[in-house]
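Heads up, the sequence shown is in my numbering, so the first residue is 1 and it goes up one at a time.
In this text, a Cβ means the ideal position worked out from N, Cα and C, and glycines have one as well.
What follows is one structure encoded as structure tokens, with my remarks underneath.
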Amino acid sequence: MQSIEKEAVIAQEYLARIAKEAEAKFDEHLPPVSDRPSRLHEAMRYSMFAGGKRLRPGLVKAAFDMFGGKGDTIWYATSALEMLHTFSLIHDDLPCVDNDDYRRGKLTSHKKFGESTAVMAGDALCVQAFELMGKTGNAKAIETLAHLLGTYGMIGGEMTDIECEGKEVDLEIVDYIHYHKTAALIEASLLVGALLAGASEENMEIIRKYGRSIGLAFQIVDDILDIVSTTEELGKDAGSDVEKGKATYPSIMGLEKSRERAKELYEESVRVLDGLSCDTSILRSIAAFIITRVK
Numbered sequence: 001m002q003s004i005e006k007e008a009v010i011a012q013e014y015l016a017r018i019a020k021e022a023e024a025k026f027d028e029h030l031p032p033v034s035d036r037p038s039r040l041h042e043a044m045r046y047s048m049f050a051g052g053k054r055l056r057p058g059l060v061k062a063a064f065d066m067f068g069g070k071g072d073t074i075w076y077a078t079s080a081l082e083m084l085h086t087f088s089l090i091h092d093d094l095p096c097v098d099n100d101d102y103r104r105g106k107l108t109s110h111k112k113f114g115e116s117t118a119v120m121a122g123d124a125l126c127v128q129a130f131e132l133m134g135k136t137g138n139a140k141a142i143e144t145l146a147h148l149l150g151t152y153g154m155i156g157g158e159m160t161d162i163e164c165e166g167k168e169v170d171l172e173i174v175d176y177i178h179y180h181k182t183a184a185l186i187e188a189s190l191l192v193g194a195l196l197a198g199a200s201e202e203n204m205e206i207i208r209k210y211g212r213s214i215g216l217a218f219q220i221v222d223d224i225l226d227i228v229s230t231t232e233e234l235g236k237d238a239g240s241d242v243e244k245g246k247a248t249y250p251s252i253m254g255l256e257k258s259r260e261r262a263k264e265l266y267e268e269s270v271r272v273l274d275g276l277s278c279d280t281s282i283l284r285s286i287a288a289f290i291i292t293r294v295k
């Protein structure tokens, strides 16, 4: 058995390879700046190509390949998931929500293009994502993605996060926020890839549980990094969660117990994969990568 650090390196290499392929497809799937409205298309491309781990496209492709998926339509889904993630970041950074100036070391969309253009860019990416999903021809995948994006998923989590700013909350509320605002779209990435590959209902349930565990672990690690990292290391304003009174795991449990909880979720995620008969090595490595982003 490889060490968790070696597993994380394997995941980084995998995600870098998929990112290169996926980004070539982003370029194909996004409207060109030469088309009107040019400023809007420029803003969409600015945020889509601002960097990032490309975790969600990587998870889509990993699940698709793991369950024996064939064909190129999967790239519509990888682009769609990254567009939805980018849409959420653009809107999350807006002055009326978190009012952040930097994302991934670059000016946020509203700082670069103005608030109205940023709103429209986020909206357009969301719409474009579902246009691409339509090209997969898989209604169940589209339905699953929409559900985990909407008020019972990511958007519901973001709304609850806003409502709880500056308030005393318990662990149940923090779990709800983190699952919905972060883990839901990570879970959706895996489920979409599995659905497009024709995975069984039993295997879909296993993937769902894995996605929930790594999604929660991912957000807990983000909470910790917000406290222990610098703005330069994060590429965005460090300490903003504390400043805004965000509901986070460290604010409820403290740093050490948050680290322990993230490790428990990692262990849960790899344990649930034992229920699959296919090669789960990439998903195990991705789980290791998520947990080793912070010590």
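Report task. Determine the closest residue to Leu276 out of Gly122, Gly150 and Arg208, with distance taken between C-alpha atoms. Result -> As a working mapping, residue 276 is identified with position 276 in the sequence shown. Cα-wise, what sits closest to Leu276 is Arg208.
Query - Residue range of the alpha helix (DSSP H) that includes Arg45 - result: Here residue 45 is taken as the residue at index 45 of the sequence shown, counted from 1. First-last of the alpha helix (DSSP H) with Arg45: Ser38 to Met48.
Report task. With DSSP as the reference, please indicate the residues paired to Tyr302 in a beta bridge. Result -> This structure cannot speak to residue 302, because the chain is shown only from 1 to 295.
Query raised in the report: Of the choices Arg259, Gly71 and Ala43, whose alpha-carbon is the least far from that of Phe113?
Result: One-based indexing of the sequence shown puts residue 113 at position 113. Checking every option, the nearest Cα to that of Phe113 belongs to Ala43.
Report task. Would you tell me roughly how many angstroms separate the C-alpha atoms of Met159 and Ala217, rounded to the nearest one? Result -> Residue mapping note: residue 159 aligns to position 159 of the sequence shown, counting from 1. Residue mapping note: residue 217 aligns to position 217 of the sequence shown, counting from 1. In a straight line, the C-alpha of Met159 is about 21 Å away from that of Ala217.
Report task. Give every residue of the same chain whose Cβ lies closer than 6 Å to the Cβ of Ala118, excluding the five residues on either side of it in the sequence, and list them in chain order. Result -> Translated into positions along the sequence shown, residue 118 becomes position 118. So the list reads Ile90, Ser109 and His110, once near-sequence residues are dropped.
Query raised in the report: To the nearest angstrom, how far is it from the Cα of Gly68 to the Cα of Cys278?
Result: Looking up residue 68 in the sequence shown gives position 68. Looking up residue 278 in the sequence shown gives position 278. Looking at the two C-alpha atoms, the distance is approximately 9 Å.
**Report entry** 4 or more residues per run - each alpha helix (DSSP H) lying fully within the segment 52-136
**Finding:** 55-66, 74-93, 109-113 and 115-134
**Report entry** CA-to-CA distance, Gly153 to Val169, given in whole angstroms
**Finding:** Locating residue 169 in the sequence shown gives position 169, counting from the first residue. Locating residue 153 in the sequence shown gives position 153, counting from the first residue. Answer to the nearest angstrom: the Cα atoms are 20 Å apart.
Requested in this report: State the Cα-Cα distance for the pair Lys6 and Val192, rounded to the nearest angstrom.
Outcome: Along the sequence shown, read from residue 1 onward, the residue named residue 6 stands at position 6. Along the sequence shown, read from residue 1 onward, the residue named residue 192 stands at position 192. Those two C-alpha atoms are separated by around 28 Å.
Query raised in the report: For the alpha helix (DSSP H) that contains Thr151, what are its first and last residues?
Result: Residue 151 sits at position 151 when you count from the first residue of the sequence shown. Element bounds for Thr151: n/a, residue is neither H nor E.
Query raised in the report: Does the distance from the C-beta atom of Tyr14 to that of Ile282 stay below 7 Å?
Result: Within the sequence shown, numbered from 1, the residue matching residue 14 stands at position 14. Within the sequence shown, numbered from 1, the residue matching residue 282 stands at position 282. Cβ distance < 7 Å, so Tyr14 and Ile282 count as in contact.
Query raised in the report: Over what stretch of residues does the alpha helix (DSSP H) that includes Arg17 continue unbroken?
Result: By 1-based counting over the sequence shown, the position of residue 17 is 17. Per DSSP, Arg17 belongs to the alpha helix (DSSP H) from Ile4 to His29.
Query raised in the report: Which value, in whole angstroms, describes the spacing of the CA atoms of Ile286 and Gln219?
Result: Start at 1 with the first residue of the sequence shown, and residue 286 comes out as number 286. Start at 1 with the first residue of the sequence shown, and residue 219 comes out as number 219. Taking the straight line joining both Cα atoms gives about 14 Å.
Requested in this report: Determine the direct distance from the alpha carbon of Glu260 to that of Lys106, and round the result to whole angstroms.
Outcome: Along the sequence shown, read from residue 1 onward, the residue named residue 106 stands at position 106. Along the sequence shown, read from residue 1 onward, the residue named residue 260 stands at position 260. Distance between the alpha carbons of Lys106 and Glu260: 32 Å.
**Report entry** Residue burial classification, Lys70 (beta-carbon count within 10 angstroms, cutoff 16)
**Finding:** Position 70 of the sequence shown, counted from the first residue, corresponds to residue 70. Classification of Lys70: exposed, given that the 10 Å Cβ count is below 16.
Query - Nearest-angstrom Cβ-Cβ length linking Ile18 and Arg56, presumed shorter than 8 Å - result: For the purposes of this step, residue 18 is taken as residue 18 along the sequence shown, with counting starting at 1. For the purposes of this step, residue 56 is taken as residue 56 along the sequence shown, with counting starting at 1. That pair is no contact at about 10 Å.
Report task. Starting from Tyr176, follow the alpha helix (DSSP H) in both directions and report where the run begins and ends. Result -> As a working mapping, residue 176 is identified with position 176 in the sequence shown. Looking at the DSSP string, the run of the alpha helix (DSSP H) that includes Tyr176 is Leu171 to His178.
Report task. Answer with buried or exposed for Arg36, where buried requires no fewer than 16 other C-beta atoms within 10 angstroms of its C-beta. Result -> Mapped onto the sequence shown, residue 36 falls at position 36. Flag for Arg36 reads exposed.
Report task. State the start and end residues of the unbroken alpha helix (DSSP H) segment that holds Val33. Result -> Translated into the one-based positions of the sequence shown, residue 33 becomes position 33. Unbroken run through Val33: none, as it is neither H nor E.
**Report entry** Boundaries (first-last residue) of the alpha helix (DSSP H) holding Ala184
**Finding:** As a position in the sequence shown, residue 184 is number 184, starting the count at 1. Ala184 -> alpha helix (DSSP H) spans Ala184 to Ala197.
Query raised in the report: Measuring CA to CA, which of Leu171, Tyr210 and Leu273 is closest to Leu185?
Result: For this step, residue 185 is matched to residue 185 along the sequence shown. Of the listed residues, the one whose Cα sits closest to Leu185 is Tyr210.
Report task. Taking only the alpha-carbon atoms, compute the straight-line gap between Lys295 and Lys263 and give it to the nearest angstrom. Result -> By one-based count along the sequence shown, residue 295 stands at place 295. By one-based count along the sequence shown, residue 263 stands at place 263. Residue confidence is low: Lys295 scores 46 on pLDDT, short of 50, so the model does not pin down where it sits. No coordinate-derived value is stated.
Query raised in the report: Which residues mark the beginning and the end of the alpha helix (DSSP H) in which Arg261 is found?
Result: Position 261 of the sequence shown, counting from 1, holds the residue named residue 261. Arg261 -> alpha helix (DSSP H) spans Leu255 to Val272.
Report task. Give a yes or no on whether the C-beta atoms belonging to Ala63 and Leu190 are separated by under 7 Å. Result -> Taking the sequence shown and counting its residues from 1, the one referred to as residue 63 is at position 63. Taking the sequence shown and counting its residues from 1, the one referred to as residue 190 is at position 190. Against a cut-off of 7 Å, the Cβ pair of Leu190 and Ala63 comes out as a contact.
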